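My numbering puts the first residue of the sequence shown at 22, with every later residue one more than the last.
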Amino acid sequence: ARAPVARWQIATTEHTPSSRATDDHVWTEIRNFKKCLLQMFSSQGRDVVFLENAMHLGSGRGHAVVECVPVPVEVGADAPIYFKQGLDEAESEWSQHHAKRIIDTSKQGLRGSIPLGFAYFHVEFGLTGGYAHVIDDEEQWNKNFGRDILIGMLG
Numbered sequence: 022a023r024a025p026v027a028r029w030q031i032a033t034t035e036h037t038p039s040s041r042a043t044d045d046h047v048w049t050e051i052r053n054f055k056k057c058l059l060q061m062f063s064s065q066g067r068d069v070v071f072l073e074n075a076m077h078l079g080s081g082r083g084h085a086v087v088e089c090v091p092v093p094v095e096v097g098a099d100a101p102i103y104f105k106q107g108l109d110e111a112e113s114e115w116s117q118h119h120a121k122r123i124i125d126t127s128k129q130g131l132r133g134s135i136p137l138g139f140a141y142f143h144v145e146f147g148l149t150g151g152y153a154h155v156i157d158d159e160e161q162w163n164k165n166f167g168r169d170i171l172i173g174m175l176g
C-alpha cells in the first residue's frame with residue numbers, strides 16, 4: 022500500500038477568495054509561512070511544492086488556501102517538468118481557447134502574472150517560481166489536479 026501524501030495548508034483568517042487577492046500584509050505573512058515550512062522541511066532533507074486552486078472568486082464560496090506538500094529532494098527537482106507536462110495536457114483537454122495558458126511565474130510572481138479576479142491554478146517550487154494556469158471552465162477543472170500530479174510522481 023502506498024503511504025499517504027502528507028500536506029499542510031496555509032489559509033487566511035479573513036475571508037479572501039485567493040492568495041492573489043490578499044492585501045500586502047497578508048501576502049507577506051503567507052510568504053513568511055512558506056519560508057518557515059521550507060526551512061523546516063529542508064532540515065529533514067525535503068523540498069516543498071505549494072499548490073493553490075483559486076476558483077469561485079465572485080461567489081463568496083472560495084477561500085484562499087495554499088497546500089504545502091513536502092516531497093523528497095529528487096522529486097522536488099523533477100516537479101517542474103511533471104507539472105509543465107501535466108498543464109500542457111490539461112490545456113488541450115480543458116481550455117476553451119487555443120492560446121497558451123501556462124504562465125511561468127518565476128520572473129513576475131503570481132501577482133504580476135495573473136490579473137485580479139481570474140480563476141487559476143498555481144504551483145510553486147520553493148519560493149523561486151512556478152506555473153500558473155488560468156481556469157476557463159471551473160466545472161471541468163479537476164480540483165485534485167496538483168495532488169494527482171504529485172501522487173503520480175511519488176509512485
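From the three backbone atoms N, C-alpha and C, an ideal C-beta is built for every residue, glycine too. Since we're looking at a predicted model, the values are computed, not measured.
- V90 places its beta carbon 7 Å or farther from that of R132.
- Apart from sequence neighbours up to five positions away, the residues of its chain that approach F146 with a beta-carbon distance below 7 Å are V70, G97, A100 and P101, ordered along the chain.
- Of all alpha-carbon atoms in E95, T149, E160 and L58, the one lying nearest the alpha-carbon of Y141 is that of E160.
- DSSP places G173 in the helix class (H, G or I) of the three-state scheme.
- Counting every other CB atom within 10 Å of its CB across the protein chains shown gives H36 a total below 16, marking it as exposed.
- Take the alpha-carbon of G66 and the one of D158: they are about 38 Å apart.
- As a beta-bridge residue in DSSP terms, Y152 pairs with D125 and V144.
- In chain order, V96 and Y103 place their CB closer than 6 Å to the CB of M174, counting only its own chain and leaving out the 5 sequence neighbours on each side.
- For L137, the secondary structure class from DSSP, reduced to helix, strand or coil, is coil.
- Under the DSSP assignment, E73 falls outside any alpha helix (DSSP H), being part of the beta strand (DSSP E) whose first and last residues are R67 to A75.
- With a beta-carbon spacing of about 20 Å, A111 and S40 fall beyond the 8 Å limit used to define contacts.
- W29 has C89 as its beta-bridge partners, per DSSP.
- Under the three-state reduction of DSSP output, N53 falls in the helix class.
- Of the residues N165, P93, T34 and G151, the one whose Cα lies closest to the Cα of K105 is G151.
- The beta carbon of G138 is closer than 7 Å to those of L78 in its chain, skipping five residues each way along the sequence.
- Between A153 and S127, the gap from beta carbon to beta carbon reaches 7 Å or more.
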